[in-house]
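Chains as they are written, first to last, in our numbering: chain A, 5 to 506; chain B, -10 to 140.
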């Protein structure tokens, strides 16, 4: 399983000056985009995708991973400095981070978030490095029924966490999958919803659709709030890295949040925001003084910031080993693999171990460099919060239009981008989440192929359809995920009843 | 202001109608030659999903019609009429930009999309228009000179 030659090639790939320049550029770009409120990691990756079209696989993927990591961290800077989370992943950081900033301890808050992010990122990369090759070995034995179970699991989980109403999530998830049925049927060549245009023979293109859903819809929502001014006080922005004494006090928090973030990242469809909230709630639950959370304490910054960066490595586990995205950002990252002609999945580990090791090592480098760049760049990068939406909105729209055209040389794809953006805007305005829509669109082809093949294999027998121990295990985990909430509520109410009875 | 209840009810009805239309279209899918008899018909998966999506839409419609809300009681689609105007005008500006590109080329689109969006957002400061145009020029230069894109 361990391939020393591939590791050597990976080191050589990473030490290439061009790759290193891209790595640093990716970190800076990610920080900038993460800081700007509204533009999160999926948009950051989506906007950079067109540039990767002209690059080799390793430099392009390193660039995108650097952007992904840094954008998640960047979101905490605006969360702390102005109380507006730059990304969804930083929402939980606002409570204690901004409270600390208002007390004149902004530097301390930024130092805690930077340290937590780096530790969470490094732990998750370590987990990715050891789990992914093992999971790939298991996944290579997966057949259609197992992939069907994994896809259903991923979709249902993302629907559950995406919004208050389950059926609204399922509706847009179904819509996302349905849109992947357009184009020629891979199995028997039938034309489906091509409406007489050859542009649709290969279906709705993935990259324009995802960029439209994330970037264009965000641009339109940003345009609504364009004239709101952001008040910003730049005092206390010099980062203060926590000392060993503080880190020693927070070591349990750091370890738990790192592991929680990684595990939540691994679950297909869950993103950094869920990881951050989960870790924050867990630390608050464990605390002897939960009432202090939200008043500006280190624990309230370290937990979400460690966990949200830990989801990056976690999210890459199902993305790289199964081709099932671990988060919306990872779904966009899948598009980058496809642009490079690579199909993420278990066989990729056998076919291109050099690329896999390059990504693992690259993530280590990214986290370490993010620490030093973050240390010096935060003060300057934070000034970007002042860039008004009236400048961001037209520029991001033009970048999206131009980038999509540059990748495909097709004005039709720009039309798809715009249509997807309008769809994303409408569903977001109506209170739907776009996460199930995007994940559904990525999982659609896997779902259809595996379902049709599973039905063919089962040959009409329900028992044969479910004759898959791994698949049954996944379905059991899914049932547990769905039923866990109601069961624990019922148990708690019973326990409370018993306590009150005497 | 348009309430979430009304907007969602209209949206779900439209989804159900669209599902019906696409399901009828799917009846006409024909597989090519020898592959026609292999496995399940092409219409199976789209129709399965359309049925599922329509069912979810019907449940959402029922929830809004009977309960009046789905975790968004009393909320409106837009926070204010000014926000609605800016959002919808920006949407219109994006569509116009695409049409300009189709008919007059990329440079015309790059020159008009920024100012159009600024107008849609109600920007009055000329400096913002200048910055947006300067950024559009730099986007053009990066793609043409650095990446070799031909428009």
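Using N, Cα and C, we set each Cβ at its ideal position, and we do this for glycine too.
{"query": "Can you tell me whether residue -10(B) is buried or exposed, with buried defined as 16 or more other CB within 10 angstroms of its CB?", "result": "exposed"}
{"query": "Which residues does DSSP pair with residue 187(A) in a beta bridge?", "result": "196(A)"}
{"query": "With which residues is residue 310(A) paired in a DSSP beta bridge?", "result": "Paired residue(s): none; residue 310(A) is not in a bridge."}
{"query": "Start and end of the alpha helix (DSSP H) containing residue 250(A)?", "result": "248 to 253"}
{"query": "What ranges does the beta strand (DSSP E) occupy inside the stretch 435 to 463 of chain A, keeping only unbroken runs of at least 3 residues that lie completely in it?", "result": "none"}
{"query": "Which residue's Cα is closest to the Cα of residue 266(A): 329(A), 363(A), 473(A), 130(A)?", "result": "130(A)"}
{"query": "Name the two residues that bound the continuous alpha helix (DSSP H) containing residue 120(A).", "result": "110 to 143"}
{"query": "Is the Cβ of residue 169(A) closer than 8 Å to any Cβ of chain B?", "result": "yes"}
{"query": "Please check if any C-beta of chain A sits within less than 8 Å of the C-beta of residue 121(B).", "result": "yes"}
{"query": "Can you pull the chain A residues whose beta carbon is under 8 Å from the beta carbon of residue 16(B), in chain order?", "result": "None at all; the shortest Cβ gap to chain A is about 12 Å."}
{"query": "Between residue 506(A) and the rest of its own chain, which residues show a CB-CB distance below 6 Å, the 5 nearest in sequence each way excluded?", "result": "Bear in mind that a pLDDT of 45 at residue 506(A), under 50, signals an unreliable position, so the model cannot answer this."}
{"query": "Between the stretch 20 to 28 of chain A and the stretch 59 to 72 of chain A, are three or more C-beta pairs nearer than 8 Å?", "result": "yes"}
{"query": "For residue 35(B) and chain A, any beta-carbon pair shorter than 8 Å?", "result": "yes"}
{"query": "Would you mind sorting residue 289(A) into buried or exposed? The rule is 16 or more other CB atoms within 10 Å of its CB.", "result": "exposed"}
{"query": "With a 10 Å radius around its C-beta and 16 neighbouring C-beta atoms as the bar for buried, classify residue 61(B) as buried or exposed.", "result": "buried"}
{"query": "Along the stretch 101 to 118 of chain B, where does the CB come closer than 7 Å to a CB of chain A? Name the residues.", "result": "102, 103, 106, 107, 109, 110, 111, 112, 117"}
{"query": "Looking at chain A, is there any beta carbon in it that lies within less than 8 Å of the beta carbon of residue 97(B)?", "result": "no"}
{"query": "What does a CB cutoff of less than 7 Å around residue 357(A) pick up in its chain, not counting 5 residues either side in sequence?", "result": "7, 10"}
{"query": "Just to confirm, is the Cβ distance from residue 124(A) to residue 331(A) under 8 Å?", "result": "no"}
{"query": "Residue 84(B) versus chain A: which residues are under 9 Å apart at the beta carbon?", "result": "422, 426"}
{"query": "Is the stretch 73 to 80 of chain A touching the stretch 347 to 365 of chain A in the sense that three or more CB pairs, one from each, lie closer than 8 Å?", "result": "no"}
{"query": "Rank 339(A), 245(A), 157(A), 132(A) by C-alpha distance to the C-alpha of residue 211(A) and give the top, closest one.", "result": "339(A)"}
{"query": "State yes or no: is the C-beta of residue 490(A) within less than 8 Å of the C-beta of residue 162(A)?", "result": "no"}
{"query": "Using 8 Å as the limit for Cβ to Cβ distance, is residue 89(B) near chain A?", "result": "no"}
{"query": "Since residue 401(A) meets chain B, which of its residues come closer than 9 Å, beta carbon to beta carbon?", "result": "79, 82, 83, 86, 102, 103, 106"}
{"query": "Would you kindly work out how many angstroms separate the C-alpha atoms of residue 206(A) and residue 414(A), rounded to a whole number?", "result": "14 Å"}
{"query": "Could you tell me the alpha carbon to alpha carbon distance between residue 66(A) and residue 14(A), rounded to whole angstroms?", "result": "12 Å"}
{"query": "Using a Cβ-Cβ distance cut-off of 8 Å, determine whether residue 130(B) contacts chain A.", "result": "no"}
{"query": "Between which two residues does the alpha helix (DSSP H) harbouring residue 95(A) extend?", "result": "95 to 106"}
{"query": "By DSSP, does residue 493(A) sit in helix, in strand, or in coil?", "result": "helix"}
{"query": "Can you confirm whether residue 506(A), when its beta carbon is compared against all beta carbons of chain B, has any partner nearer than 8 Å?", "result": "Note that residue 506(A) scores 45 on pLDDT, short of 50, meaning its location in the model is unreliable; the coordinates nonetheless yield the value given after this. It does not: the Cβ of residue 506(A) has no partner Cβ on chain B nearer than 8 Å."}
{"query": "Under a CB-based cut-off of 8 Å, is residue 219(A) close to chain B?", "result": "no"}
{"query": "Whole angstroms is fine: what's the gap from residue 480(A)'s alpha carbon to residue 149(A)'s?", "result": "14 Å"}
{"query": "List the residues that DSSP assigns as beta-bridge partners of residue 191(B).", "result": "Residue 191(B) cannot be examined here, being either before or after the span of chain B that is shown, -10 to 140."}
{"query": "How should residue 336(A) be labelled, buried or exposed, when 16 other C-beta atoms within 10 angstroms of its C-beta is the threshold for buried?", "result": "buried"}
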